Amino acid sequence: MLSLEFAQLSDPGRVRDHNEDSVDYVLPATAAQVQSQGWVFVLADGVGGHEQGEVASQLAVDTVVSGFRKIPPGVVHVSLLPRLVQDANAAVYEKGHHNNGSRMGTTIVACALRFDSAVISHVGDSRCYLFRNGAIASLTRDHTMAAEQFRMNLLSQSEAEQSERKHVLTRCLGADLFVAADTITVNIIPGDVLLLCSDGLYGELSDEAMQHILATHQNLNEAAAALIAAANDHGGGDNVSVQLIRIVSVERMGLYRGRPYRML
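Residue numbers for the sequence shown follow my numbering, so the first one is 178 and each next one is one higher.
Set out below in structure tokens:
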């Protein structure tokens with residue numbers, strides 16, 4: 178049976194006077210729900226320059242969490258998660274338009290886990306990393322102008338990382354009534370650690386620095402605190418939030434005609 182442990186932490190940083198990030202999760206209440214529903218973790222970062230970023234991020238997270246709690250048993254995460262993200266987008270969009278037409282926006286990254294897989298769905302530049310066998314790699318692709326230019330070979334990776342457009346979003350929740358979320362499925366194995374974070378973390382720390390912290394802190398609460406402390410020590414120019422999920426055990430499953438079955 179899938180088993181995991183997790184930690185989360187959010188901090189305003191050293192420069193901002195308030196925190197526009199939001200984080201939350203849903204845990205299965207019973208062993209039956211581990212198999213029928215699973216877990217979901219959600220992180221959102223209110224868009225700077227828009228009004229009430231903290232309201233937008235909290236509304237997005239609440240919408241996904243509330244929707245996940247209501248799902249019937251056995252719903253496939255890969256189709257569910259982008260639908261919940263779209264629901265969150267609609268909620269933020271409508272909230273902004275009903276609030277004297279104010280512009281509200283937020284990024285979002287969500288991760289749902291069940292059996293032996295993790296489904297990640299995201300919009301914007303909040304990321305999900307996989308830390309496996311001592312190495313870290315990003316599973317998500319930023320929706321920013323600089324990242325798009327890199328993917329079109331208009332900028333090198335180093336140029337994209339230094340570009341003034343690296344924080345200019347090409348997609349976020351709340352900008353339009355509909356949004357396209359990128360969604361992937363990743364097979365997970367015991368010992369994997371998934372890291373969900375806002376740009377306040379990776380904007381201050383290199384992949385190598387995050388990798389070193391995860392490798393040297395077995396306790397996830399200590400690792401989360403160390404990541405945020407390091408981001409603040411390197412400037413702390415933005416809110417910074419992390420969710421860490423370690424896979425303890427998995428249940429290997431296959432699919433036959435859309436139905437999961439246990440593999441030996």
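C-beta: ideal position from N, C-alpha, C; glycine also.
Since the model is a prediction, treat every value here as computed from it, not as a measurement.
- DSSP places R246 in the uninterrupted alpha helix (DSSP H) bounded by 230-246.
- Rounded to whole angstroms, the Cβ separation of Y306 and L316 is 7 angstroms, and the two are in contact under 8 angstroms.
- Ranked by how close their Cα comes to the Cα of A206, the residues V200, G215, D198, S199 have G215 in first place.
- Non-local beta-carbon contacts of I361 in its own chain, meaning distances under 6 angstroms to residues more than five positions away in sequence, involve I297 in chain order.
- Taking 8 angstroms as the upper bound for CB-CB distance, I313 and D384 are in contact here, some 5 angstroms apart.
- By the criterion of at least three beta-carbon pairs nearer than 8 angstroms, the region 386-400 is not in contact with the region 250-266.
- When C-alpha distances from P250 are compared across E381, V211, A184, the shortest belongs to V211.
- For N266, the enclosing alpha helix (DSSP H) begins and ends at 254-275.
- Unbroken alpha helix (DSSP H) stretches of 4 residues or longer found wholly inside the region 338-413: 376-379, 384-393, 397-410, given in chain order.
- The beta carbon of Q229 is closer than 6 angstroms to those of M281 in its chain, skipping five residues each way along the sequence.
- A233 counts as buried, since at least 16 other C-beta atoms from the protein chains shown sit within 10 angstroms of its C-beta.
- Shortest Cα-Cα distance from L372 to any of K272, V203, A287 involves A287.
- For D188, the pairing in a beta bridge is given by DSSP as V417.
- Counting the other Cβ atoms within 10 Å of the Cβ of I422 gives 16 or more, which makes it buried.
- DSSP places V224 outside both helix and strand once states are collapsed to three, so it counts as coil.
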